Amino acid sequence: MPVTHSESVEFSQTFEIKSGAVNLPVLKLLTSDVGKLSSQLRLKVSQAPDFFRNAPMAIDLHNLVDPNAEIDFVALVRAMRNCGLVPVGFCGGFEKHHQAAQAAGLSSLTLARQEPPQQPQATPTKPKVLPEEVHSRIVEQPVRSGQRIYVPGGDLVVMSQVSAGAEIMADGNIHVYGTLRGRALAGVQGNLDCRIFCQDLQAELVAVGGHYRISENIDDSLRGVPVQIYLQDQSLIIERI
Amino acid sequence: MARIIVVTSGKGGVGKTTTSAAISMGLALKGYRTAVIDFDVGLRNLDLIMGCERRVVYDFVNVINGEAALNQALIKDKRCDKLFILPASQTRDKDSLTSEGVGKVLGDLSKDFDYIVCDSPAGIERGAMLAMYYADDAIVVTNPEVSSVRDSDRMLGILASKSRRAERGEEPIKEYLLLTRYSPHRVKLGEMLSVEDVQDILSLHLLGVIPESKAVLNASNSGIPVILDEKSDAGQAFSDVVRRYLGEDVTHRFIELEKKSLFGRLFGG
Ligand SMILES: Nc1ncnc2c1ncn2[C@@H]1O[C@H](COP(=O)(O)OP(=O)(O)OP(=O)(O)O)[C@@H](O)[C@H]1O
Ligand SMILES: [Mg+2]
């Protein structure tokens, strides 16, 4: 059959699909309190309305203070749109977040590693060091009773003390340079190779990869001295360093 | 612009109102225009300790609701004309304090005063949260016992995360520890935590130690802030606290067991 004119139009290309990288501003969500967030967001946007007008934006759930918090994505999307932003997708969070976010019309994104733009090597003698994306967090203030800190996908370093009644968690290692009196849980996603390092152990509970020990079962000789805590053959070792 | 000081604790009955009265009077005596606000809606108390309970016409909630002007509700202290008291309402319920309302009153007071002292209610409910929300400085009143220290720690966490300064990412609230009802004797008997114990747990700048003292009860019974009782240990301790707060370097007193004088030893006094 001869190719008709109309068919040739259909076959002439209207688009191409290629993989391309775009840079999006990322809204790092710290709280699930959409009400509070939206008033702060409005304030922020009002400071640079031109910059934010119709700006597509991704929602990053990695930095939630309470990683388990329920998030009202419908309200969040509405709040962002009301500020003139165009929420396009999300990354991080748990399964329940993914479902709720997708139901609110957001697509699942993966954050690219922050690699420096490829440049011609001007000084090839220099070793090429690509900084990895760092998820770790350094906390300089004391972590007080009732506070909870979780670092998804990285290490947590606390420069000060962790009070009784406080809880610190990380997917990676935990370092505490003050007195640790609260609870510390390293490798909470099940990484059994993580460790806790601490200057002065007086913890209520320590855990690595879900294996825990409570205060009562921590030997008195290990209190008040620098220790490391790790797993060996499924059992938790607390050892002086 | 006034500096806003919250006197807070978490735990109840540790000496916040006593402290608010003493410190506001102390600042006013130093010549600073000072307002002290009772945030304990429903349980007003500050006006009694300040001895102005019979002059209350309007209160904090009246001002917030627009039923009275600020200068109608402020009570000028009879002993010091730099000091003004904004009493709490005894009849309203706690929800009458709104965040915007409190912010507006503090903003208005800021124009005329050097210091605003907020006497917080106990707990971490609405009233306490509002009392600390706008603060620049926090005096965390703590008794030398474990539950009080724990509650102070909790309050410090809230100060660091839930205040206006925290929300705006500004310089954090300056936090001071005030240890009250301290008895070196009971510390020695092991019935109380020592200054060092408390410092070790809270690691906070120590503004002062107020000894357990009969003078406090006498003062509040007669409606006179204890700082005016210059002969008393508690009165002197509060004077030191005010001087330290204002930046003077004053050595801490009333921490050690006092050596009994010969007279004391002879008569067991
Ligand atoms: N240094 C002290 N020595 C002896 N008694 C004291 C001292 N400080 C406070 N008190 C007493 O403790 C009681 C509680 O004091 P105050 O009302 O100041 O505490 P508060 O923290 O304001 O209490 P609330 O949480 O109920 O508001 C009062 O009876 C007071 O006289
Ligand atoms: Mg009180």
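As they're listed, the protein sequences go chains V and D. Going by the UniProt record's numbering, the first residue of the first sequence is number 1, and it counts up by one from there. Going by the UniProt record's numbering, the first residue of the second sequence is number 1, and it counts up by one from there. Built from N, CA and C at the ideal position, the CB exists for glycine as well. Keep in mind that this is a model prediction, so the values were computed, not measured.
Looking at the structure shown, is Arg3 (chain D) part of a helix, part of a strand, or coil, going by DSSP? Numbered from its first residue, the second sequence carries residue 3 (chain D) at position 3. Strand.
Is Thr17 (chain D) near ligand 2, judged by its Cβ being under 8 Å from some heavy atom? Translated into the one-based positions of the second sequence, residue 17 (chain D) becomes position 17. Thr17 (chain D): yes, Cβ under 8 Å from ligand 2.
Any beta carbon from chain D within less than 9 Å of Gly153 (chain V)'s own beta carbon? Sequence index remark: in the first sequence, residue 153 (chain V) carries index 153 (1-based). Not closer than 9 Å to any Cβ of chain D, the Cβ of Gly153 (chain V) fails to qualify, so no.
Can you list, in chain order, the stretches of the alpha helix (DSSP H) that have 4 or more residues and sit fully within the stretch 57 to 94 of chain D? 60 to 64, 70 to 73
Gly235 (chain D) vs Gly123 (chain D) beta-carbon contact at 9 Å: Position 235 of the second sequence holds residue 235 (chain D). Position 123 of the second sequence holds residue 123 (chain D). No, the Cβ-Cβ distance between Gly235 (chain D) and Gly123 (chain D) is not below 9 Å.
With hydrogens ignored, establish whether the beta-carbon of Ser24 (chain D) is closer than 8 Å to any heavy atom of ligand 1. As a working mapping, residue 24 (chain D) is identified with position 24 in the second sequence. Result no, Cβ not under 8 Å from ligand 1.
With a threshold of 16 other CB atoms inside 10 Å of the CB of Gly172 (chain V), please say whether the residue is buried or exposed. By one-based count along the first sequence, residue 172 (chain V) stands at place 172. So Gly172 (chain V) counts as buried.
By alpha-carbon positions, which one of D:Val226, D:Ala128, D:Gly247, D:Ile210 ends up nearest to Val6 (chain D)? As a first step, residue 6 (chain D) must be located in the second sequence, where it is residue number 6. Taking only the C-alpha atoms, the option nearest Val6 (chain D) is D:Ala128.
Leu189 (chain D) versus Val41 (chain D): straight-line alpha-carbon distance, rounded: Position 189 of the second sequence, counted from the first residue, corresponds to residue 189 (chain D). Position 41 of the second sequence, counted from the first residue, corresponds to residue 41 (chain D). Answer to the nearest angstrom: the Cα atoms are 38 Å apart.
Cβ of Ser161 (chain D) within 9 Å of any chain V Cβ: For this step, residue 161 (chain D) is matched to residue 161 along the second sequence. Closer than 9 Å: yes.
May I ask you to check if the CB of Thr180 (chain D) is nearer than 8 Å to at least one heavy atom of ligand 1? Taking the first residue of the second sequence as 1, we reach residue 180 (chain D) at position 180. Yes, the Cβ of Thr180 (chain D) comes within 8 Å of a heavy atom of ligand 1.
By DSSP, does Leu150 (chain V) sit in helix, in strand, or in coil? Translated into positions along the first sequence, residue 150 (chain V) becomes position 150. Before going further, note that residue 150 (chain V) is Tyr rather than Leu in the sequence given. Reduced to three states, the DSSP call for Tyr150 (chain V) is strand.
Can you tell which of V:His175, V:Lys44, V:Leu192 has the C-alpha that lies nearest to the C-alpha of Gly84 (chain V)? Indexing the first sequence from 1 puts residue 84 (chain V) at position 84. Per the Cα distances, V:Lys44.
Tell whether a beta-carbon distance below 9 Å holds between Ala22 (chain D) and Phe238 (chain D). Taking the first residue of the second sequence as position 1, residue 22 (chain D) is located at position 22. Taking the first residue of the second sequence as position 1, residue 238 (chain D) is located at position 238. Yes. Within cutoff.
Cβ of Glu53 (chain D) within 8 Å of any heavy atom in ligand 1? Taking the second sequence and counting its residues from 1, the one referred to as residue 53 (chain D) is at position 53. No - ligand 1 has no heavy atom lying nearer than 8 Å to the Cβ of Glu53 (chain D).
I want to verify the contact list: residues of chain V whose CB lies under 7 Å from the CB of Gly157 (chain D), in sequence order. Here residue 157 (chain D) is taken as the residue at index 157 of the second sequence, counted from 1. Neighbours of Gly157 (chain D) on chain V, chain order: Arg144, Ser145, Gly146, Gln147.
Within chain V, partners of Arg165 (chain D) - CB distance below 8 Å: In the second sequence, residue 165 (chain D) corresponds to position 165, counting from 1. Here the premise fails: no neighbours, minimum Cβ distance about 13 Å.
Could you confirm whether any beta carbon from chain V is found closer than 9 Å to the beta carbon of Val136 (chain D)? Mapped onto the second sequence, residue 136 (chain D) falls at position 136. Rather than Val, the amino acid found at residue 136 (chain D) in this sequence is Asp. Taking Cβ atoms only, chain V never reaches closer than 9 Å to Asp136 (chain D), which makes this a no.
Environment of residue 244 (chain V) [buried if 16+ CB atoms lie within 10 Å]: Outside the shown range of chain V, which is 1 to 241, sits residue 244 (chain V), and nothing can be said about it.
When the Cα of Met132 (chain D) is compared with those of D:Leu109, D:Asp93, D:Asp249, D:Lys174, which residue comes out closest? The count along the second sequence starts at 1 and reaches residue 132 (chain D) at position 132. Selected option, being the one with the closest Cα: D:Lys174.
When DSSP labels each residue in this structure, what does Ser108 (chain V) get in the three-state scheme? Numbered from 1 along the first sequence, position 108 holds the residue referred to as residue 108 (chain V). If DSSP states are grouped into helix, strand and coil, Ser108 (chain V) belongs with the strands.
Suppose the cutoff is 6 Å on Cβ atoms and the five residues either side in sequence are ignored; what does the same chain contact list for Cys52 (chain D) look like? As a position in the second sequence, residue 52 (chain D) is number 52, starting the count at 1. Hits under 6 Å: Ile75, Ile85.
Ser220 (chain D) to Gly182 (chain V) span [Cα, whole Å]: On the second sequence, position 220 is the one that residue 220 (chain D) refers to. On the first sequence, position 182 is the one that residue 182 (chain V) refers to. So the two alpha carbons sit approximately 39 Å from each other.
Can you tell me whether Ser38 (chain V) sits near ligand 1, meaning its C-beta is under 8 Å from at least one heavy atom of the ligand? The residue given as residue 38 (chain V) occupies position 38 in the first sequence. No, the Cβ of Ser38 (chain V) stays beyond 8 Å of every heavy atom of ligand 1.
According to the Cβ coordinates, are Gly223 (chain D) and Ile49 (chain D) closer than 9 Å? The sequence position of residue 223 (chain D) within the second sequence is 223, counting from 1. The sequence position of residue 49 (chain D) within the second sequence is 49, counting from 1. Yes. Within cutoff.
Let me know if Phe15 (chain V) comes out buried or exposed under the rule of 16 or more other beta-carbons within 10 Å of its beta-carbon. For the purposes of this step, residue 15 (chain V) is taken as residue 15 along the first sequence, with counting starting at 1. Classification of Phe15 (chain V): exposed, given that the 10 Å Cβ count is below 16.
Neighbourhood of Cys194 (chain V) by C-beta distance below 7 Å, restricted to the same chain and skipping five residues each side: As a working mapping, residue 194 (chain V) is identified with position 194 in the first sequence. The residues are Gly172, Asn173, Ala186, Gly187, Val208, Gly209.
Does DSSP classify Tyr133 (chain D) as helix, strand or coil? Working through the second sequence from its first residue, we reach residue 133 (chain D) at position 133. Looking at Tyr133 (chain D) - three-state DSSP - the assignment turns out to be helix.
In the DSSP assignment, find the beta strand (DSSP E) that holds Val227 (chain V) and state where it starts and stops. In the first sequence, the residue the question calls residue 227 (chain V) occupies position 227. Segment 227 to 232, the beta strand (DSSP E) holding Val227 (chain V).
Can you grab the Cα-Cα spacing for the pair Val162 (chain V) / Thr17 (chain D), in whole Å? Here residue 162 (chain V) refers to the residue found at position 162 of the first sequence. Here residue 17 (chain D) refers to the residue found at position 17 of the second sequence. So the two alpha carbons sit approximately 30 Å from each other.
CB contact flag (Leu201 (chain V), Ile214 (chain V), <9 Å): Here the question's residue 201 (chain V) lines up with position 201 in the first sequence. Here the question's residue 214 (chain V) lines up with position 214 in the first sequence. Against a cut-off of 9 Å, the Cβ pair of Ile214 (chain V) and Leu201 (chain V) comes out as no contact.
Close Cβ partners of Cys80 (chain D) (< 7 Å) along its chain, the five nearest in sequence each way excluded: The sequence position of residue 80 (chain D) within the second sequence is 80, counting from 1. The answer, listed in chain order, is Met25, Ala28, Leu29.
Distance cut-off 8 Å: Gly235 (chain D) Cβ against heavy atoms of ligand 1: Numbered from 1 along the second sequence, position 235 holds the residue referred to as residue 235 (chain D). Checking the Cβ of Gly235 (chain D) against ligand 1 gives no.
The alpha helix (DSSP H) that contains Lys104 (chain D), what's its start and end? Residue numbering aside, residue 104 (chain D) sits at position 104 when the second sequence is read from its first letter. Per DSSP, Lys104 (chain D) belongs to the alpha helix (DSSP H) from 99 to 112.
Can you find the residues in the same chain that come closer than 7 Å, C-beta to C-beta, to Glu140 (chain V), ignoring five residues on each side of it along the sequence? Position 140 of the first sequence, counted from the start, is the residue given in the question as residue 140 (chain V). Closer than 7 Å at Cβ, skipping near neighbours: Met159, Ser160.
On the DSSP letters alone, give me the boundaries of the beta strand (DSSP E) that Thr179 (chain V) sits inside. Here residue 179 (chain V) refers to the residue found at position 179 when the first sequence is read from its first residue. Unbroken beta strand (DSSP E) run through Thr179 (chain V): 174 to 180.
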